[in-house]
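Before any comments, here is the structure.
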Ligand code: PHE
């Protein structure tokens, strides 16, 4: 009996070792806001992620293995995003994570990935803090496929000053949202540096729905530009209330305006409003037109910037895995850090010393309820 138990024990140990070192898998996690106040962002990112994976799997997968994936909803909430990251790493044992979408969700995820030495590529989070710690050092496992907000804010401010000949601007921002607050500050700095005057800089809270007190102040200072660097749901609400109060300023914002829901929420109020973005489906480049056709064929709609960046981020990750010739997170990280230039649908990326992409931005304008291309701005 004793020796039977001994052999049983040896068998169990061998089985355990075998399973642990067994066939290496490639499992990629996706974190995105599939429900909540920015759910069109999550839907676009998920669609494009799945398209990139399906394409790769149809060609036989990566390094001879079919790509597996797990998708988590963070509801655009930092705590949910952190829980999703823990689950993907500890339970699902993913090799890498794509996500999240909003900077305020990507920041906690980036800290968890960095601690656990798991590569994360956010397709869309533009706040500098996603890849950089408070002390200025780089989180070496964290990458992104989009430009960052100091650039986005400068592009918007320069366009307002030079193209719209604006002299004054008012800014309203959500103080609890890293992206919104960051973009508000970057726009302010660049607008002032360019000789413009910020006549009002005021914050609100995430759950606010009545902006009449703030907007009354805006009306009093009568700015050329009202800069609203929030996501589409809030922007729609503020824009509507601004026009109801008789504010005539040109409305401007950032990539958070990119949703077919915005003109539905804001109606006429958003007409003529300008925003900075990562790509335009009207771009005649072959890569863009091929991508728009492909996405439209699969999902019956035109890909927005979020979809395009998610496709770019997924291809970037798969390319790094192939280069690494390994599914090991450390080798994937190294391969990613060695990519200096990369051609994506949204344009050529050159990574700066912090691993942040340097790439073109576009200016879009809402016309007849549709985001329409205005111009491209080079870094
Ligand atoms: N840049 C936004 C953020 O960091 C996310 C976003 C990207 C929203 C692109 C819309 C389009 O929070």
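In our numbering, the protein residues as written are 261 to 639. Every residue, glycine too, gets a C-beta built ideally from N, C-alpha and C. None of the values given here were measured: they were computed from a predicted structure.
Assuming residue 447 is part of the alpha helix (DSSP H), what are its boundary residues? Numbered from 1 along the chain shown, position 187 holds the residue referred to as residue 447. Counting along the chain, the alpha helix (DSSP H) containing residue 447 begins and ends at 438-453.
Quick one: what does DSSP say residue 503 is sitting in, helix, strand or coil? In the chain shown, residue 503 corresponds to position 243, counting from 1. The answer is helix: DSSP assigns residue 503 an H, G or I state.
Euclidean distance between Cα positions of residue 391 and residue 612: For the purposes of this step, residue 391 is taken as the residue at position 131 of the chain shown. For the purposes of this step, residue 612 is taken as the residue at position 352 of the chain shown. If I take the Cα positions, the gap works out to 12 Å.
Do residue 370 and residue 335 have their beta-carbon atoms positioned less than 9 Å apart in this structure? What you label residue 335 is simply residue 75 of the chain shown in a count that begins at 1. What you label residue 370 is simply residue 110 of the chain shown in a count that begins at 1. No. Outside cutoff.
Measuring only the C-alpha atoms, how far is residue 489 from residue 406? The residue labelled residue 489 in the question sits at position 229 within the chain shown. The residue labelled residue 406 in the question sits at position 146 within the chain shown. Cα to Cα, the separation comes out at about 17 Å.
Under a Cβ-count criterion, where at least 16 other Cβ atoms within 10 Å of its own Cβ denotes burial, should residue 544 be classed as buried or exposed? Within the chain shown, the letter at position 284 stands for residue 544. By the neighbour-count rule (16 or more Cβ atoms within 10 Å), residue 544 is not buried but exposed.
Do you know how far the Cα of residue 609 is from the Cα of residue 428? Stepping through the chain shown from its first residue, residue 428 is reached at position 168. Stepping through the chain shown from its first residue, residue 609 is reached at position 349. Each residue's Cα considered, the two are about 33 Å apart.
Hey, which unbroken runs of the alpha helix (DSSP H) at 4 residues or more fall wholly within the stretch 328-379? 338-346 and 363-376
According to DSSP, simplified to helix, strand and coil, what is residue 402? Translated into the one-based positions of the chain shown, residue 402 becomes position 142. The answer is strand: DSSP assigns residue 402 an E or B state.
For residue 625, name the three-state secondary structure that DSSP assigns. Your numbering for residue 625 matches position 365 in the chain shown. Residue state, collapsed to three classes: strand.
Opposite residue 633 in the DSSP bridges: which residues? Taking the chain shown and counting its residues from 1, one reaches residue 633 at position 373. Paired residue(s): 624.
Please look up how many angstroms separate the CB atoms of residue 626 and residue 532, rounded, as I've assumed it's under 8 Å. Position 366 of the chain shown, counted from the start, is the residue given in the question as residue 626. Position 272 of the chain shown, counted from the start, is the residue given in the question as residue 532. Their Cβ separation, rounded to whole angstroms, is 7 Å, which keeps residue 626 and residue 532 in contact under 8 Å.
May I ask you to list the residues that DSSP assigns as paired with residue 520? Position 260 of the chain shown, counted from the start, is the residue given in the question as residue 520. Bridge partners of residue 520: none, in fact.
Should residue 357 and residue 378 be called a contact, given that it needs their Cβ atoms to be closer than 9 Å? Your numbering for residue 357 matches position 97 in the chain shown. Your numbering for residue 378 matches position 118 in the chain shown. Result yes, Cβ atoms of residue 357 and residue 378 sit closer than 9 Å.
I need the straight-line Cα distance from residue 491 to residue 298, nearest angstrom please. The residue given as residue 491 occupies position 231 in the chain shown. The residue given as residue 298 occupies position 38 in the chain shown. Answer to the nearest angstrom: the Cα atoms are 7 Å apart.
Do residue 566 and the ligand PHE come close, with the Cβ less than 8 Å from some heavy atom? The residue labelled residue 566 in the question sits at position 306 within the chain shown. At least one heavy atom of the ligand PHE is nearer than 8 Å to the Cβ of residue 566, so yes.
Could you give the residue range of the beta strand (DSSP E) that holds residue 431? Walking along the chain shown from the start, residue 431 turns up at place 171. Note, residue 431: beta strand (DSSP E), 428-434.
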